[in-house]
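If you read the protein sequences in the order shown, they are chains A and B. Just so you know, we're using our numbering here: the first sequence kicks off at 4 and counts up by one. Just so you know, we're using our numbering here: the second sequence kicks off at 89 and counts up by one. Glycine included, each C-beta is placed from N, C-alpha and C at the ideal position. What follows is a set of notes on a single structure, which appears directly below.
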Amino acid sequence: MASKKSQGVSPFRVMVRKEMADHIRSWRFIVLMGLIILTFVASMYDSLSNIRAAIGNANDPDHTFLYLKLLTTTDNSIPPFHVFLSFLAPLLGISLGFDAVNAEQNSGTLTRLMAQPIYRDNLLLAKFVSALIMVGALFVVLTLLMIGGGLILTGVRMEPQELLRILGFVMISVTYVGFWLSLSIVLSIKFKQAATSALTAIGIWLFFTVFYQIIVNLIIRSFLPDPSFLTQDQIQFYNEFILDLLRVAPNQLYTDATTTLLMPSVRSLGPMTMQQMAGAIPAPLPFRESLMIVWPQVSGLIGATVACFALSYYLFMRREIRS
Amino acid sequence: MKDPIIQLRDLTKRYGSQRAVDNLNLDINKGEIFGLLGPNGAGKTTTILMMLGLTDPTNGSAFVCGYNATSDPISVKRKVGYMPDSLGFYDHMTALENLVYIARLNGLSENESHKRALEMMDIVGLSSAMHKKTSTFSRGMKQRLGLADVLIKQPDVIILDEPTLGIDPSGVREFLMLIKRLSKEQGLTVLLSSHHLHHVQQVCDRVGIFVKGKLLAQGNIDTLSGDLFGHEGHVVSISLAEPISDPWLPEQELAQWETIKNISTNQKTVEFECTQNITPTLVRFLVEKGYDIMGVLQKNYGLDDIYQKYFEDKN
C-alpha cells in the first residue's frame, strides 16, 4: 500500500481534479457563471454611475469607503450585488449539487467507482470541495476585478479594512453557497431521480425566501397580544423573538451577515433601546466589531452546512451501492 | 493450489423478512475460474456486493485475499477488480480518460496510468477506439472496456457480474476466451456470475448452482452430472428407419440383459438406460436383427440438464 501510494497522489485529489474538470466543461456551470457575471456587471454599472453621489453624501457615515460603496450603492433600479447574490447563491449551490450522487448511480459509474480502493466519504467530500473551489474562485475573481477596476477608474487608495470586509463578504457568500450545495447533495443521495432532488431543493429555497416570512408573520399575529397593553420590555422581547424565528432561514442569516460587513455603520441586527442608542455617534464600526456582530450568523450558516453534510454521510456510508 | 482466496462463511443477507442470501459457505481457490450460476434474483449480485463490502451482510463473514470485506473493504478493493452487470462510464470522457481516471484512483502516477491504460486497451482490442467518447461505444465495446478497467489495477481476483449480458453470440465466445486466456496468463482468480449455462460451461473450472439464496451444488461439471444422474447411468437412444411396432419384438430378449435397466420406445427411437456403456454391443445386436439404424445418440449431461434438474426440484 505504501509503495503504491508514494507513486501517485491521493485518490481524493484525483477525484477533486476530475470533478472540477467536469464542472468547467459542463454547460451548466458556464450558464451559471454567465448569470452571476451578468448580475455583477449590471450592479457594478449601476453603482458606478451613482458612486459620485454616494461618496459625496456627508450624512452617510460610510461615505469614505469607496469600494464597499461600489458593492452596495444602487439607485433602486436594480438591487445591489449582495442582495442579488442572496437569491442567486442558492441557485448556484443547488445546480452544482442536485445530481451529484444520483446521476452517477443512474449512469452506473457509482458502482464502478465504489469498487475502487477509495473511501466512500471521499466521494462526497470531493463533490463538495470541487464545487466550492469553483464558486470560491469565481467570487474571488469577480471581487478582484471589481477592486482593480475601481482602482483604475477612481484612483482612490483602498483601506485595509475595506479589503478585509470584502474578503469576509466573499467568504460568507461561499459558505452560503456551501450550505445549499450540501443540502442539494443530501437530496441527491436521498432521491434516485435528479429531477426530484432538484425540484425538492428549489422547493426548500422558495419556501425560505418567499413563504417562510409570511408563515412566521401569520402565526405570530395570531397569538401576539395587543402591543398597546405591553410594556416597552415586552415589546422588545417579542421583536427579538420574531427576528430570531426569521433567522432560521439561511437567506436571512446571509443578508444580515453581508449587510453588516459591507455597511460598517450597522451596529446591531436587532432593535435597539433608547438607552443603547443614547450617546452613540453614527460612525463606522471597526472591522473586528462588525465581525463580532455577524459571528452568530456565520456560525449558524457553517453549522447548517455541517449538519447537512453530516446527514449526507449518514445516508451514504452504509448504503448498498447497486445500480 | 488448495489455497482459498475467497472464503465465505455462513454469509447471510436479509432484506426485511426475505433472505436474499442464506447461510452461504463457499471457498474459491487461487487461480481457478468459478462460475456462479443461478436464475435472476437468486442473490448472486448481493453475494458479490458483500464480497466487496459494498453492502453489509446480516450475518456471517466474507474473506477475500485474507481481508474481511465488511470491516476492511479498502484492502479488498485494492486486490479485487469488479465489473458490475450494468456497466457505466463517464460519457463525456474518452475511453482512455476513463481508464486513466480509474488507474489514478488506484494510486498510480500520471505517467504510469497512461502507460498501463494503453497496454490494457491493446489487450482487450480497443486500441483503435480509445480516443472516442464512451457514449458512442456499443455494448460489446463497453464490456471490453469494463474488462480493461478491471484489469488495470492488476488485481489478484476479478469478479464479473453477468459479463455476457447483452453481447452477441460470437462476441460472447470471444469475450469468454479472452477472460480464460488472461486468467491462465496472469494467474488470476475469476469469479463470474451468469444465468447463461452455456457461457459458463465454456470457461469455468468449477461452478456453483445458486438458487433462492442457497448454494445447491458445487464442483466441476462432471462431478455435478455424476452426482445428479448417477442413478440413471448411461443413456443411449437409437433411432431406426421404420416405426417401432408395439410390442417391439427384441424388447423381451433385451430385457434379459443384466446391463440394461430400462427400455422405452417412442415411435422411431428406443432409449436404453444401462449400467455400463454398451452402445457398440447394442448396435451390433440390432444390426444383426436386421434393423436399419439411422442414428445413435449417447447422452452426456451438460449444465443445461443439471440446471434444469435443480429447478425441477426447487419448484
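| Asked | Found |
| --- | --- |
| Contact set between A/Gln119 and chain B, taken where Cβ atoms lie within less than 7 angstroms | Lys165, Ile190, Leu193 and Asn194 |
| Within chain A, partners of B/Thr143 - CB distance below 7 angstroms | Glu323 |
| Chain A contact for B/Ile267 (CB, 7 angstroms cutoff) | no |
| Short-range partners of chain A found in the segment 209–240 of chain B, where Cβ spacing is below 9 angstroms | Gly234, Asp237 and Val238 |
| Assigned exposure category for B/Asp237 - 16 Cβ within 10 Å defines buried | buried |
| Residues bridged to B/Phe360 (per DSSP) | B/Val324 and B/Ile351 |
| C-alpha gap between B/Glu361 and B/Arg204, whole angstroms | 56 angstroms |
| CB contact below 7 angstroms: A/Lys21 versus chain B | yes |
| Through-space distance from B/Thr222 to B/His180, alpha-carbon basis | 7 angstroms |
| Any chain A beta carbon closer than 7 angstroms to B/Leu140 | yes |
| Range of the contiguous alpha helix (DSSP H) that encloses B/Thr134 | Lys132 to Met139 |
| Meets three-Cβ-pair contact criterion under 8 angstroms: the segment 121–134 of chain B and the segment 301–316 of chain A | no |
| Contact set between B/Phe177 and chain A, taken where Cβ atoms lie within less than 7 angstroms | Thr112 |
| Contact belief for B/Gly234 with B/Leu175 at Cβ below 8 angstroms, rounded distance in angstroms | 5 angstroms |
| DSSP bridge partner residues for B/Asp249 (one or two, in chain order) | B/Ser281 |
| Three-state class that DSSP yields for B/Lys302 in the structure shown | strand |
| In DSSP terms, what B/Asn147 is bridged to | B/Thr100 |
| Whole runs of the beta strand (DSSP E) within the segment 169–235 of chain A, excluding any shorter than 3 residues | none |
| Whole-angstrom distance between A/Arg115 and A/Arg322, CA atom to CA atom | 15 angstroms |
| Own chain, CB closer than 6 angstroms to A/Ser328, minus 5 neighbours either side, in chain order | Nothing can be reported for residue 328 of chain A, as the shown portion of chain A is limited to 4 through 326. |
| Neighbour-count burial assignment, B/Pro331, 16 or more Cβ in a 10 Å radius | exposed |
| With 16 other Cβ atoms within 10 Å as the buried cut-off, status of A/Met117 | buried |
| Those residues which DSSP pairs with B/Phe122 across a bridge | B/Leu279 and B/Arg294 |
| Length of the line joining the Cα atoms of B/Thr146 and B/Met138 | 10 angstroms |
| 7 angstroms Cβ cutoff, A/Pro14 in contact with chain B | yes |
| 7 angstroms Cβ cutoff, B/Tyr155 in contact with chain A | no |
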